[in-house]
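The opening position of the sequence shown corresponds to residue 435 in this note's numbering, with each subsequent residue numbered one higher. Below you'll find the structure, written out as structure tokens, and then a few comments.
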Amino acid sequence: MLKGNKIVLVLGLITLAAGIFVFSREFSFRKKAVQTEGVVVSTIGSTFNVQYFTADGTEKVKRFSAKSNPYRAGDPKNVWYLPENPDRAKLTNDTKGGKTLLKVAFVCLLLGVYPLFIKKKVTEK
């Protein structure tokens, strides 16, 4: 096995472990989270504050950031939060980050293992 293949395989395994960890955390949040309607109350540069109310009526304000801030004060936003920790809130309820890491891991593992199969076929001929 070539040194480059080993490096790609190790990177693939590390990325796979990270992807599984991130995906499981996001999936766990998704199962427990409660959705509520929030409102953007202020924006500063690429950050914005969203006000939302928990199921028991407690007001919360959380700061979020985005690459570009397309929001204005008064814009409605869906907010997902954990009932046992309402300060832990997200604007999306998906597992996109974990899925992306798993895809990258798959590509790394494929690139690391594929040359082994080609080498095996060449030596068989």
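The C-beta atom is built at its ideal place from N, Cα and C for all residues, glycine as well.
Practice task
For Q469, I'd like the list of residues in its chain whose CB is within less than 8 Å of its CB, leaving aside the five on either flank, ordered along the chain.
Solution key: Here residue 469 is taken as the residue at index 35 of the sequence shown, counted from 1. If we look at Q469 and ignore the five residues flanking it on each side, its Cβ neighbours are N512, V513, W514, N527.
Handout entry: T477 versus N483: straight-line alpha-carbon distance, rounded
Key = As a position in the sequence shown, residue 477 is number 43, starting the count at 1. As a position in the sequence shown, residue 483 is number 49, starting the count at 1. When rounded, the distance between both Cα atoms is 6 Å.
Problem - N- and C-terminal bounds of the beta strand (DSSP E) containing L445 - result: Within the sequence shown, the letter at position 11 stands for residue 445. First-last for L445: 437–466, but that is the alpha helix (DSSP H), not the beta strand (DSSP E).
Practice task
Put P510 into one of helix, strand or coil per three-state DSSP.
Solution key: For this step, residue 510 is matched to residue 76 along the sequence shown. Strand at P510.
Handout entry: Same chain, Cβ closer than 7 Å to G531, five either side skipped, listed in chain order
Key = Within the sequence shown, residue 531 is the residue found at index 97, counting from 1. Around G531: V456, E460.
Exercise for the section: For S499, write down the residues that DSSP places opposite it in a beta bridge. Expected result: Here residue 499 refers to the residue found at position 65 when the sequence shown is read from its first residue. BP columns for S499 point to T481.
Handout entry: Coarse secondary structure for P520, derived from DSSP in three states
Key = One-based indexing of the sequence shown puts residue 520 at position 86. Here P520 sits in strand by DSSP.
Exercise for the section: Compare the beta carbon distance of P510 and G472 with 9 Å and say whether it is the shorter of the two. Expected result: One-based indexing of the sequence shown puts residue 510 at position 76. One-based indexing of the sequence shown puts residue 472 at position 38. Against a cut-off of 9 Å, the Cβ pair of G472 and P510 comes out as a contact.
Handout entry: Sub-9 Å separation of L447 and L543 beta-carbons
Key = As a first step, residue 447 is located in the sequence shown; it is residue number 13 there, counting from the start. As a first step, residue 543 is located in the sequence shown; it is residue number 109 there, counting from the start. A contact, by the Cβ cut-off of 9 Å.
Practice task
Output yes if chain D places a C-beta closer than 9 Å to the C-beta of C542; else output no.
Solution key: Of the protein chains in the structure, only one exists, and it is not chain D.
Practice task
Would you identify the three-state DSSP class for Y548, choosing helix, strand or coil?
Solution key: As a first step, residue 548 is located in the sequence shown; it is residue number 114 there, counting from the start. Looking at Y548 - three-state DSSP - the assignment turns out to be helix.
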